[in-house]
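The listed protein sequences derive, respectively, from chains R and X. Under the working numbering, residues 1 to 112 are what the first sequence spells out, in order. Under the working numbering, residues 113 to 224 are what the second sequence spells out, in order.
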Amino acid sequence: DAKTTQPPSMDCAEGRAANLPCNHSTISGNEYVYWYRQIHSQGPQYIIHGLKNNETNEMASLIITEDRKSSTLILPHATLRDTAVYYCIVRVFERQGGKLIFGQGTELSVKP
Amino acid sequence: DTEVTQTPKHLVMGMTNKKSLKCEQHMGHRAMYWYKQKAKKPPELMFVYSYEKLSINESVPSRFSPECPNSSLLNLHLHALQPEDSALYLCASRADREEGYTFGSGTRLTVV
């Protein structure tokens, strides 16, 4: 799996958009970008994933650059409950199990 | 049912004890995973089961023994653990397509 690089920590004001960057310069053409978050001592929670196109769901938007070497997760109106560690992961889609390998993640603090 | 259920939530065991962690899902997912997470670190993959067969063992010591009795259940048998094995043990499952993994809330294990 391709490696990802994320800033170790970020702050965001409540109600503002949180933009979390991720570099994945060695990504291959068939590797997907996944985002998960983990609130303290809970299991990781799936947020969103994409291959080439930008994606949006009820939680967030994922913007992938045209060369696919980086992406940004956008939380449009951050709340205090969005304080968590956010993991950007790239992986190959495989029918037989496959691996989801976590990087170091970004610790996002949403402040009042 | 869209959850992965892990029991127990907390476990304290001695170094000579034998115990088991249990993970259950009723989403029809055919890939199931065990992860280990130490404090302030990302989850580390331990084992992958695909269609009830062990497909990946990430060089985990034999004192950890996984078992998949059926497509809904995943166990992790523990024997002769060390204090450094104290961690949050996470179970996850995935449908046979490129969607996200669903994680349980984990078992907090303390070895004394």
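Cβ coordinates follow ideal geometry from the N, Cα and C atoms, glycine included.
Under the DSSP assignment, R/Ala13 falls in the beta strand (DSSP E) whose first and last residues are 9-13. Nearest CB-CB separation between X/Leu185 and chain R: not below the 9 angstroms threshold. X/Arg175 is outside the set of residues whose beta carbon lies under 9 angstroms from a beta carbon in chain R. Here the alpha carbon of X/Thr114 sits roughly 35 angstroms from the alpha carbon of R/Asp67. Using beta-carbon distances, X/Ala204 counts as an interface residue toward chain R, with a partner under 9 angstroms. In the DSSP assignment, R/Leu80 falls outside any beta strand (DSSP E), carrying neither H nor E.
By a beta-carbon distance limit of 8 angstroms, R/Pro112 contacts R/Leu80. Their separation comes to about 7 angstroms.
Its Cα nearest to that of X/Ala199, the residue X/Lys152 stands out among X/Lys152, X/Gly216, X/Glu179. As the crow flies, the alpha-carbon of X/Tyr161 is around 13 angstroms from that of X/Tyr213.
Under DSSP, no beta-bridge partner is assigned to R/Gln6. In this structure, R/Pro44 lies near X/Pro155, with their beta-carbon atoms less than 9 angstroms apart. R/Glu107 and X/Leu188 have their C-alpha atoms roughly 30 angstroms apart.
By the Cβ criterion, the region 120-138 of chain X is in contact with the region 177-195 of chain X, since at least three pairs of Cβ atoms, one from each stretch, lie closer than 8 angstroms. A buried status is given to X/Gly218, since no fewer than 16 other beta-carbon atoms sit within 10 Å of its beta-carbon. DSSP places X/Gln149 inside the beta strand (DSSP E), whose first and last residues are 143-149.
Excluding residues up to 5 positions away in sequence, Ile74, Leu75, Pro76, His77, Ala78 lie with their Cβ nearer than 8 angstroms to the Cβ of R/Ala17 in the same chain. At least one C-beta of chain X is nearer than 9 angstroms to the C-beta of R/Tyr87. Rounded to the nearest whole angstrom, the CA to CA distance from X/Leu157 to X/Pro178 is 13 angstroms.
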